[in-house]
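K.L.:
Numbering-wise (the numbering used here), the sequence shown opens with residue 107 and increments by one.
Using N, Cα and C, we set each Cβ at its ideal position, and we do this for glycine too.
My questions will all concern the structure given below.
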Amino acid sequence: MIKVAKFGGSSVANAEQFKKVKKIAEADPSRKFIITSACGKESHEDHKVTDLLYLCHAHIKYGVSYDPLFDLIVDKYVRIKKELNLKADLEKEFDKIRNLIKHETSTDYLVSRGEYLTGICLAEYLGAKFVDAADVIAFHYDGSLDLERIRERVAACCSDAERVVIPGFYGAMPNGVIKVMSRGGSDITGAVIANAIDADIYENWTDVSGFMVADPRIIKNAIRIPHITYNELRGLSYMGANVLHDDAVFPVRVKNIPINVLNTNEPDNPGTIIMNDCAEIDSQFPPHAITGITGRKDYTVITVTKSHASAEVGFLCRLLKIFEDFNVSIESAPTTVDTFSIIVLSEFVSHCLYEIVGRIKKEIHPDDVKIEDHLALIGVVGRGMKALPGISGSILSEFGRNSVNIKVISQSCDELSIIVGVANRDFEKAIRCIYDKFIIEERKML
Ligand code: ASP
């Protein structure tokens, strides 16, 4: 059994957190590959090291002294070193970074140093081998990950050690230049390493105990989702439930490696396991109809009506093309006879809405175009809903009983999720009534 364990920024925010990571690593010898983020916030007022590094870069760019910011980073690592009795020569590392900055180093190099420094400290503290991500995480020149090279390099650099620590978030181009991933990218490093070594499981240690059935800010003490499929997770994450970087799914999914989202501050909680297929578990414990409820406020609906448009070949395509031309991604496009609603996030469209309407009028000659703001979309997701008659009916009647007016409904043929649009002001109430009816009541009956 080999596990890859990735620890997020809050798990390595200070010496106390390092101690928890050590306990977790040592509790299971199969946790051979440890991936780390840069130190995160210690408290609400504190700053993430990566944010400070981006700020340093902005100061350098505008010729303003970055020293006070860099000193905050230095202080953080010096404190960790002192409290954990580490020997690492961090001064040498800080000098090297300062020197390279003087000679106009790239943003990517500078911001990757948070993970690099955290990795050095954590490796020493765990008695593990430090493997620089620049030596194992290989990018193609087009910015995509070179999984083949990564596999070879991991085998070459890591097979002589019982446990390795690899910094997340960055790697190197074929010419050795450091390149970072998008924000939160250490999740991707963990997934790519899991892919390279054919791990049995990819553990993603964060500060939440997996995914909750609904947003805990809306539902206090929302219950945990023990198992979820990748498809269900996609349905939940695209509208808000973001615990894991989207791009971290592909590298493990292709190899059928489950991801276990766990909490460093509550290590005995089993968290959530994400898998390709939950059929085996479902055969022992049939899933609940609804796995999770998600949603997001502030959508804009552009509704276009034109008589006989439903019979006009290519009408919808021409309409969507206009949004594509403005680089606006579409969340949902429910249609009825001769009426086409395009739902987009208001923030994506606010700067070009009137231009889009102008193009629609000019190019497709509608009878009417209506714009409505302040729409919230709620996604109800569950593999257990498939072929279960009455679920959507019950959701809708629950909304009716609670005076939540439904503006849009959509369900795809895979029956994995139902999306309902309500006014922003009804958003929390709508989520609460689905939770009470389908999660609380259903479990009471068991
Ligand atoms: N440190 C990087 C960030 O804050 C990457 C990560 O934590 O995953 O985005």
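With hydrogens ignored, establish whether the beta-carbon of D313 is closer than 8 angstroms to any heavy atom of the ligand ASP.
P.N.:
Position 207 of the sequence shown, counting from 1, holds the residue named residue 313. No, since every heavy atom of the ligand ASP falls outside the 8 angstroms radius drawn around the Cβ of D313.
K.L.:
G225 bridges to which residues according to DSSP?
P.N.:
Residue numbering aside, residue 225 sits at position 119 when the sequence shown is read from its first letter. Note: G225 sits in no beta bridge, so no partner.
K.L.:
Three Cβ pairs or more, each shorter than 8 angstroms: is that satisfied between the segment 258-272 and the segment 292-305?
P.N.:
The segment 258-272 vs the segment 292-305: in contact.
K.L.:
Flag this pair as touching only if the segment 373-388 and the segment 431-448 have three or more C-beta atom pairs under 8 angstroms; answer yes or no.
P.N.:
No, the segment 373-388 does not touch the segment 431-448.
K.L.:
Give the secondary structure of G401 by DSSP, where H, G and I count as helix, E and B as strand, and everything else as coil.
P.N.:
Within the sequence shown, residue 401 is the residue found at index 295, counting from 1. Note: G401 maps to strand in three-state DSSP.
K.L.:
Does the beta-carbon distance from I470 to V528 come in below 9 angstroms?
P.N.:
Counting from 1 along the sequence shown, the entry for residue 470 is found at position 364. Counting from 1 along the sequence shown, the entry for residue 528 is found at position 422. No. Outside cutoff.
K.L.:
When you measure from the CB of D293 to every non-hydrogen atom of the ligand ASP, does any distance come out below 8 angstroms?
P.N.:
Position 187 of the sequence shown, counted from the start, is the residue given in the question as residue 293. Yes, the ligand ASP has a heavy atom inside 8 angstroms of this Cβ.
K.L.:
With DSSP as the reference, identify every bridge partner of K109, one or two as the case may be.
P.N.:
To locate residue 109, count along the sequence shown from 1; it is residue 3. Answer is R137 and I307.
K.L.:
According to DSSP, simplified to helix, strand and coil, what is I379?
P.N.:
Here residue 379 corresponds to residue number 273 of the sequence shown, with the count starting at 1. In the structure shown, I379 sits in a strand (DSSP, three-state: E or B).
K.L.:
Within its chain, find whatever has a CB closer than 7 angstroms to the CB of I545; leave out the 5 residues flanking it on each side and keep chain order.
P.N.:
Stepping through the sequence shown from its first residue, residue 545 is reached at position 439. Result list for I545: V319, I329 and I396, in chain order.
K.L.:
Are the beta-carbon atoms belonging to G398 and I325 less than 9 angstroms from one another?
P.N.:
For this step, residue 398 is matched to residue 292 along the sequence shown. For this step, residue 325 is matched to residue 219 along the sequence shown. Not a contact, by the Cβ cut-off of 9 angstroms.
K.L.:
Is it the case that the Cβ atoms of V367 and N327 are separated by a distance below 9 angstroms?
P.N.:
Counting from 1 along the sequence shown, the entry for residue 367 is found at position 261. Counting from 1 along the sequence shown, the entry for residue 327 is found at position 221. Taking 9 angstroms as the Cβ cut-off, V367 and N327 do not qualify as a contacting pair.
K.L.:
Per DSSP, what kind of secondary structure is V410 in: helix, strand or coil?
P.N.:
Walking along the sequence shown from the start, residue 410 turns up at place 304. If DSSP states are grouped into helix, strand and coil, V410 belongs with the strands.
K.L.:
Report whether the distance from the Cβ of H351 to the nearest heavy atom of the ligand ASP is below 8 angstroms.
P.N.:
As a position in the sequence shown, residue 351 is number 245, starting the count at 1. Yes, the beta carbon of H351 sits closer than 8 angstroms to at least one heavy atom of the ligand ASP.
K.L.:
Note down, in chain order, each residue of its chain lying with its Cβ closer than 7 angstroms to the Cβ of R359, except the 5 sequence neighbours on either side.
P.N.:
Residue 359 sits at position 253 when you count from the first residue of the sequence shown. Only Y336 and N382 meet the Cβ criterion.
K.L.:
Measuring CB to CB, does V180 end up less than 9 angstroms from L206?
P.N.:
As a working note, residue 180 is residue 74 in the sequence shown. As a working note, residue 206 is residue 100 in the sequence shown. No, the pair does not count as a contact, with Cβ atoms beyond the cut-off.
K.L.:
Does the distance from the CB of I448 to the CB of F421 come in under 9 angstroms?
P.N.:
To locate residue 448, count along the sequence shown from 1; it is residue 342. To locate residue 421, count along the sequence shown from 1; it is residue 315. No; because the gap between Cβ atoms is not below 9 angstroms, this pair is not in contact.
K.L.:
Less than 9 angstroms separating the beta-carbons of K109 and K138?
P.N.:
On the sequence shown, position 3 is the one that residue 109 refers to. On the sequence shown, position 32 is the one that residue 138 refers to. Their beta carbons are under 9 angstroms apart, which means K109 touches K138 by this criterion.
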